[in-house]
Each structure stands twice: as structure tokens, then as C-alpha cells.
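**Q** Numbering (the numbering used here), first residue to last: 664 to 803. No residue lacks a Cβ here, since even glycine has one placed at the ideal position from N, Cα and C.
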Amino acid sequence: MIITSLLLGLIGAAAFLAAVRALPQKLSVMAAGLIVAALLYVGFAIAGGAGAARIALEAVGVGIYGLLALIGLRYSAWWLMLGWLLHPVWDVGLHFLKQGAAYAPVWYVLACVSFDLLVAAYITWSTVRGSQFRTDRVTD
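(1) From F707 to G756, what does the alpha carbon distance come to, in whole angstroms?
(2) Since I believe A676 is in contact with L781 (beta carbons under 8 Å), could you give me their beta-carbon distance rounded to a whole number of angstroms?
(3) Under three-state DSSP, which class holds R737?
(4) Can you give the Cα-Cα distance for A765 and A695, rounded to whole angstroms?
(5) For the pair the segment 766-779 and the segment 729-742, tell me if three or more CB-CB distances fall below 8 Å.
(6) My understanding is that L743 touches L731, with C-beta atoms under 8 Å, so please give their C-beta distance in whole angstroms.
(7) Measuring only the C-alpha atoms, how far is T667 from A784?
(8) Let me know the alpha helix (DSSP H) ranges lying completely inside the segment 698-740, each 4 residues or longer, listed in chain order.
(9) On a Cα-Cα basis, can you pick out the residue from I698, G724, G714 that is closest to Q762?
(10) Can you tell me the Cα-Cα spacing of T802 and L690, whole angstroms?
(11) CB I698 to CB V723, shorter than 8 Å?
(12) Below 6 Å CB to CB, which residues in the same chain sit around L669 once its five sequence neighbours on both sides are set aside?
(13) Report the rounded CA-to-CA distance for R717 versus Y728, giving the unit in angstroms.
(14) Under DSSP, the alpha helix (DSSP H) around I764 begins and ends at which residues?
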């Protein structure tokens with residue numbers, strides 16, 4: 664199940680990135696994707712009957728990753744990459760090893776790890792090679 668879940672995440676990330684590459688606002692879509700990745704855990708917590716404290720903790724995660732996404736849009740794609748790179752820590756630390764495992768499906772947590780890491784690697788690769796992200800900034 665572990666390998667299958669990780670492969671599922673890689674396939675999902677490849678499809679997501681293929682769609683992103685076809686869009687003019689690549690960085691914005693990847694920022695929205697990071698926020699959605701965090702929001703899904705709020706949904707799992709609510710659907711799984713988690714207590715208010717766990718739901719609030721998941722909402723804090725949305726705030727953390729949302730902030731990294733917005734800073735990434737405003738200043739540098741490196742901040743967005745950091746958000747995607749750190750999200751697996753949230754996945755594993757809270758949803759695989761801790762109480763979040765009671766409501767987050769294990770297959771999803773593992774798929775999310777490989778998905779997140781591939782997206783972070785893509786942002787790194789694109790940024791290092793002088794990517795198309797330069798014109799995708801939020802400005803006043």
C-alpha cells in the first residue's frame with residue numbers, strides 16, 4: 664500500500680503540473696493548490712468527527728501554508744516552494760504519526776507526501792533555470 668500510495672501521489676502531481684504548465688498563471692495555480700492541500704485536512708477532520716481543537720489545528724495549517732503561498736506570489740517562488748516542501752512534514756507529523764491518523768486516510772497522507780515533494784521539485788527546477796514565474800507576481 665505504501666508504494667501504491669506514493670505512486671498515486673506522483674501520478675497526481677504529474678497531472679497537476681501538466682495542467683499548470685498549460686496555464687498563464689502558473690504560480691497562482693500552484694499557490695492555490697497548496698492552500699487546497701491544507702484545506703483538505705480540515706475537511707477530513709470535520710468529516711471524521713475530530714474535536715474542535717483538531718479542526719482548529721488544521722485551520723492553523725491552512726493559515727501557515729496560505730501565508731507561504733501568498734508570500735510566494737508576492738515576493739519569490741522560493742517561498743511557495745518552501746510551503747510545498749514543508750507540507751509533507753505536516754502530512755506525516757500530524758496525520759501519519761499522530762492523532763490525525765484517526766481521520767486522514769493513510770493512502771491519502773502518503774500520496775500527498777510524494778505529490779508535495781514533486782511540486783516543490785518542479786518549482787525549484789523552474790526557478791533555478793529562470794522560469795516563466797517572473798511575470799506571475801501579485802502587484803499593487
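**A** Let's see:
(1) Straight-line Cα distance between these residues: approximately 16 Å.
(2) At roughly 4 Å, the Cβ-Cβ gap stays under 8 Å, so L781 and A676 are in contact.
(3) The DSSP-derived three-state label of R737 is helix.
(4) Rounded to whole angstroms, A765 to A695 spans 26 Å at the Cα level.
(5) Verdict: no, contact absent.
(6) So it is a contact: roughly 7 Å between Cβ atoms.
(7) It is roughly 20 Å from the alpha-carbon of T667 to the alpha-carbon of A784.
(8) Runs of the alpha helix (DSSP H) inside the segment 698-740: 715-737.
(9) Comparing Cα positions, the closest option is G714.
(10) For T802, the predicted structure reports a pLDDT of 47, less than 50, and the residue's modelled location is therefore unreliable. A value from the coordinates is still provided. T802 and L690 have their C-alpha atoms spaced approximately 13 Å apart.
(11) Taking 8 Å as the Cβ cut-off, I698 and V723 do not qualify as a contacting pair.
(12) A distance below 6 Å between beta-carbons, with the five flanking residues on each side excluded, links L669 to the following residues of its chain, in chain order: L773, S777.
(13) When rounded, the distance between both Cα atoms is 17 Å.
(14) Note on identity: in this sequence residue 764 is Ala, with Ile being the wrong assignment. From DSSP, A764 is part of no alpha helix (DSSP H); its letter is neither H nor E.
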